[in-house]
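Just so you know, the numbering used here puts the end of the sequence shown at 364, numbered straight through with nothing missing.
The structure under discussion appears below in the form of structure tokens.
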Amino acid sequence: MKASSPKSYRLHGLTKRCLGPNYDVHGWQPRLLSAAEATFDFRTLTVKALRPSLFEIRNHYSPAASVAKNTTQLVAFGVNSPDIDKEPIGFLLASIAHNTNEEDSQWESGLSILSLAVKKPWRRQAVASSLLEASIQFANSNGLTGCCIDQPTTTDFASALENLFSEEKGWRLSSESVIFTLDCSTSGIIELQKRFQLASLHQQRQWGWHVEQYPSVLTPALKSRLLDPNIPKWARPIDLRQFPESDQVSPKHCRILRVENDVVGWLIAYHAGEDLIRYGTIWVDHLWQKRGGLVALLTDAVQAAHYPEVYSGSIDLTSSFKYKRGCCTYARENIAMRKFSEKHFRPVSAHWVEIARKTLRLKA
């Protein structure tokens with residue numbers, strides 16, 4: 001039997017009373033899904049990049065107090081159509097993790113919403129609101145202290161998401177960022193990389209800086225920058241020893257920019273997928289931005305990650321993995337990176353999305 005459309009249900013006058021006592025105030029019945037349900041029944045309601053992780057979903061949760069710092073658990077919620085076919089029509093995927101964001105220290109263990117989707121015929125009927133409310137209720141009942149989402153602001157669904165995660169509903173803007181993806185096999189990226197290499201070579205000869213691998217143990221010079229009050233929190237360097245494998249930091253692709261004994265810039269890279277590397281924190285002191293430092297860091301890291309067979313830098317890339325794609329995230333406050341990316345990367349990027357991180361403080 002083919003599932004009836006939402007409109008036919010309205011015409012037949014189905015209400016919460018008709019649908020059953022367990023439906024929420026919107027008339028839907030979101031439920032916590034098992035890994036099997038999420039993987040086989042609801043998988044088409046999330047992006048392909050997240051589908052392999054559906055096998056890791058749990059339909060229960062260990063109390064927040066027992067979860068080790070920097071570990072994550074995945075949970076998912078689903079909604080089926082209220083007919084005999086029980087068609088999967090709505091899906092929310094979230095991870096439970098310890099908050100490591102210094103900019104938003106109001107919550108410790110929280111629910112991070114990774115994906116939220118509703119099938120087209122069932123949209124604008126509070127299915128998404130129902131899923132969101134179920135996830136918040138789950139977080140509250142399990143002692144979590146916050147929820148967050150990286151909300152796209154430049155997509156076709158931007159207005160709907162803004163309504164869901166509005167300030168009136170308790171969500172607040174924590175930070176803004178830009179994410180763009182590059183397909184490094186395309187001619188546009190290859191030509192851009194060649195131009196960057198030539199420019200870096202010229203600037204290096206003129207100004208004498210050096211690009212080096214990020215140290216596994218903080219040097220005195222890098223430690224002083226970590227404690228520098230003039231460096232914004234979002235731009236501070238990190239101690240690689242404090243980041244477990246679950247955070248997927250890629251030390252081989254992290255870089256520092258050195259001038260004599262001083263560290264004047266750094267780039268932190270993360271393994272983000274099967275063939276995807278993410279360039280995260282990128283910082284270069286203002287003086288050295290004008291002297292080619294930003295181009296140098298990006299050029300060296302990109303060449304090592306995507307074109308190791310022709311890498312000409314100082315890092316040993318023996319048995320290095322070759323990434324096909326790269327993505328970059330940066331805070332909107334990072335003016336230098338924003339201008340640079342708008343000019344050079346946006347015209348050749350495969351995807352370009354502006355993100356607003358929203359957070360919701362839950363009752364302790």
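We put the beta carbon where it would ideally sit given N, CA and C, even for glycine.
Beta-carbon proximity list for residue i, same chain, < 7 Å, skipping 5 on both sides
| i | result |
| --- | --- |
| alanine 199 | Gly292 and Val295 |
| threonine 39 | Leu54 and Phe55 |
| phenylalanine 165 | Ile149, Gln151, Trp171 and Lys358 |
| proline 365 | Residue 365 is absent from the structure shown; the chain starts at 1 and stops at 364. |
| leucine 131 | Pro30, Phe77, Val79, Gly90, Leu92 and Leu116 |
| alanine 301 | His253, Arg255, Leu267, Ala269 and Tyr279 |
| aspartate 262 | Ala221 |
Endpoints, the beta strand (DSSP E) within which residue i is located
| i | result |
| --- | --- |
| aspartate 300 | It is not in any beta strand (DSSP E) - aspartate 300 instead sits in the alpha helix (DSSP H) that spans 293-306. |
| serine 177 | 171-183 |
Strand pairing of residue i, partner residues [DSSP]
| i | result |
| --- | --- |
| arginine 278 | Tyr270 and Cys327 |
| arginine 31 | Gly78 |
| histidine 210 | Arg258 |
| isoleucine 149 | Ile113 and Lys358 |
| phenylalanine 91 | Gly78 and Ala117 |
| valine 284 | Gly265 |
| valine 353 | Ile179 |
| isoleucine 57 | Leu74 |
Close Cβ partners of residue i (< 8 Å) along its chain, the five nearest in sequence each way excluded
| i | result |
| --- | --- |
| glycine 20 | With a pLDDT of 37 at glycine 20, under the threshold of 50, the modelled position of that residue is not reliable, and the figure given next carries that caveat. So the list reads Gln29, once near-sequence residues are dropped. |
| serine 185 | Lys324 |
| valine 348 | Leu182, Thr186, Gly188, Ile189 and Leu192 |
| alanine 272 | Gln248, Arg278 and Cys327 |
| arginine 43 | Arg51 and Leu54 |
Residue i, DSSP secondary structure in three states
| i | result |
| --- | --- |
| asparagine 80 | strand |
| valine 348 | helix |
| leucine 362 | coil |
| glutamate 191 | helix |
| alanine 49 | helix |
| phenylalanine 377 | This structure gives no information on residue 377, because the portion of the chain shown stretches from 1 to 364. |
| arginine 10 | Residue placement at arginine 10 is poorly supported in this model, since its pLDDT is 32, which falls under 50; the coordinates still yield a value, given next. Correct three-state label for arginine 10: helix. |
| leucine 144 | coil |
| leucine 218 | coil |
| arginine 123 | coil |
| phenylalanine 157 | coil |
| arginine 332 | coil |
Contacting residues, own chain, Cβ-Cβ under 6 Å from residue i (five flanking each side not counted)
| i | result |
| --- | --- |
| arginine 357 | Asp150, Ser174 and Ser175 |
| isoleucine 57 | Ala35, Ala38, Leu74 and Ala76 |
| alanine 389 | Outside the modelled stretch of the chain, which goes from 1 to 364, sits residue 389, for which no answer is possible. |
| alanine 235 | Trp283 |
| leucine 276 | Arg325 |
| lysine 86 | Asn80 |
| threonine 281 | Ile268 |
Residue i: first and last residue of the uninterrupted alpha helix (DSSP H) it sits in
| i | result |
| --- | --- |
| isoleucine 136 | 127-141 |
| glutamate 168 | That residue, glutamate 168, is in no alpha helix (DSSP H); it is neither H nor E in DSSP. |
| alanine 235 | Alanine 235 -> no alpha helix (DSSP H), and no H or E assigned at all. |
| glutamine 248 | Segment: none, glutamine 248 is in no alpha helix (DSSP H) and carries neither H nor E. |
| leucine 227 | Run containing leucine 227: none; DSSP gives neither H nor E here. |
Touch test, the segment 152-171 against the segment 324-335, Cβ-Cβ under 8 Å, three pairs minimum: Verdict: no, contact absent.
Does the count of Cβ pairs from the segment 252-260 and the segment 206-223 closer than 8 Å reach three? Using a Cβ-Cβ distance cut-off of 8 Å, the segment 252-260 and the segment 206-223 are in contact, since at least three pairs of beta carbons, one from each stretch, lie closer than that value.
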